[in-house]
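What follows is a set of notes on a single structure, which appears directly below.
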Amino acid sequence: MPRLEVTIETNDGTCPASIFTPAGGSGPWPGVIFFMDGLGIRPVLWEMGQRLADAGYTVLLPDAYYRFGAYPPMDASAVFADPDKRAKLMEWVGSLSRERKVTDIGAYINFFSRRPEVNGEKFGATGYCMGGHAALTAAGAFPKSFAAIASFHGGNLATEKSDSPHQFATAIRARVYVAGAIEDASFPDEQKERLEKALTDAKVDHVIETYPAHHGFTMRDLPVYSAAAEERHWDALLKLLKETLG
Numbered sequence: 005m006p007r008l009e010v011t012i013e014t015n016d017g018t019c020p021a022s023i024f025t026p027a028g029g030s031g032p033w034p035g036v037i038f039f040m041d042g043l044g045i046r047p048v049l050w051e052m053g054q055r056l057a058d059a060g061y062t063v064l065l066p067d068a069y070y071r072f073g074a075y076p077p078m079d080a081s082a083v084f085a086d087p088d089k090r091a092k093l094m095e096w097v098g099s100l101s102r103e104r105k106v107t108d109i110g111a112y113i114n115f116f117s118r119r120p121e122v123n124g125e126k127f128g129a130t131g132y133c134m135g136g137h138a139a140l141t142a143a144g145a146f147p148k149s150f151a152a153i154a155s156f157h158g159g160n161l162a163t164e165k166s167d168s169p170h171q172f173a174t175a176i177r178a179r180v181y182v183a184g185a186i187e188d189a190s191f192p193d194e195q196k197e198r199l200e201k202a203l204t205d206a207k208v209d210h211v212i213e214t215y216p217a218h219h220g221f222t223m224r225d226l227p228v229y230s231a232a233a234e235e236r237h238w239d240a241l242l243k244l245l246k247e248t249l250g
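Written as structure tokens, this is what we have:
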């Protein structure tokens with residue numbers, strides 16, 4: 005079926021979302037939650053959601069910015085060239101506290117688990133940029149709900165703050181794959197080492213890699229996009245999901 009527009013009721017309102025399923029399939033399929041990047045919902049994410057679905061999954065793509073109402077698809081060049089637009093975007097990103105993320109993810113899980121297109125008791129999750137942070141947050145907050153967690157060019161995954169995702173590593177039961185970028189100020193070497201130690205100490209099955217790319221390397225509508233890194237990401241993500249969800 006084509007992209008299905010749905011709404012999810014949360015503690016703070018109604019969250020628009022998209023569901024993708026394999027083209028021409030009859031399902032149900034294992035479920036994967038797709039956590040968006042900082043530029044929000046736009047066509048490139050829909051394309052990625054369908055590509056992931058066509059590998060044999062039902063994919064849920066929620067709009068994490070739903071508290072701010074509807075907005076047109078963002079253009080990276082226009083946003084970052086305009087100080088006012090950039091400040092507004094940073095306000096939106098900064099509004100997503102751990103508490104908000106956790107309550108939203110709980111709503112996503114409750115919604116997704118009741119969908120007829122989804123089978124299995126556990127989900128996978130993949131996230132990009134701030135969505136990588138959300139994916140690791142989901143792993144620690146809802147260990148019984150996730151079998152696989154992937155984070156691509158995720159930022160601030162292992163800061164010194166008490167709400168950093170790595171602080172909750174002992175709760176994680178999913179297999180975890182993290183791909184950072186060499187050029188990424190939001191995930192420097194010290195954070196990579198801190199995350200590595202936290203996951204290892206917690207005996208979490210995991211891989212952390214660094215791609216020779218820039219932050220945002222998976223997104224074809226960004227100037228930092230890398231075709232080679234994007235394809236490497238797809239190979240790693242689909243391998244992880246196949247080995248954990250089938």
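Residue numbers for the sequence shown follow the numbering used here, so the first one is 5 and each next one is one higher. Just so it is clear, CB atoms sit at the ideal spot from N, CA and C, and this is done for glycine as well.
Under a 10 Å Cβ-count criterion, Gly-73 is classified as exposed, with fewer than 16 other Cβ atoms of the shown protein chains found around its own Cβ. Nearest to Ala-138 by C-alpha distance, out of Asp-41, Arg-119, Val-122, is Asp-41.
Residue state for Thr-141 is assigned as helix, using DSSP reduced to three classes.
In this structure the segment 142 to 156 does not lie against the segment 52 to 67, because fewer than three pairs of beta carbons, one per stretch, are closer than 8 Å. DSSP places Ser-155 within a strand segment (E or B) once states are collapsed to three. Counting only runs of at least 4 residues, the segment 149 to 210 fully encloses the following alpha helix (DSSP H) elements, listed from N- to C-terminal order: 193 to 205. Thr-248 and Gly-128 do touch by the CB rule: their CB atoms are close to 7 Å apart, below 8 Å.
In the DSSP assignment, Pro-20 falls outside any alpha helix (DSSP H) and within the unbroken beta strand (DSSP E) covering 17 to 24. The criterion of a C-beta distance shorter than 7 Å is satisfied by Leu-64 and Phe-116. According to the DSSP assignment, Val-48 belongs to the alpha helix (DSSP H) that extends over 47 to 57.
Per DSSP, the unbroken beta strand (DSSP E) holding Tyr-132 starts and ends at 122 to 132. Judged by DSSP in its simplified three-state form, Ala-217 adopts strand. Distance from the CA atom of Met-78 to the CA atom of Gln-171, rounded to whole angstroms, is 32 Å. Across the structure, Asp-239 and Ala-232 are spaced so that their CA atoms are roughly 11 Å apart. Inter-residue distance for Leu-100 and Thr-130 is about 18 Å (C-alpha atoms, whole angstroms). Taking the Cα positions, Glu-194 is about 14 Å away from Lys-165.
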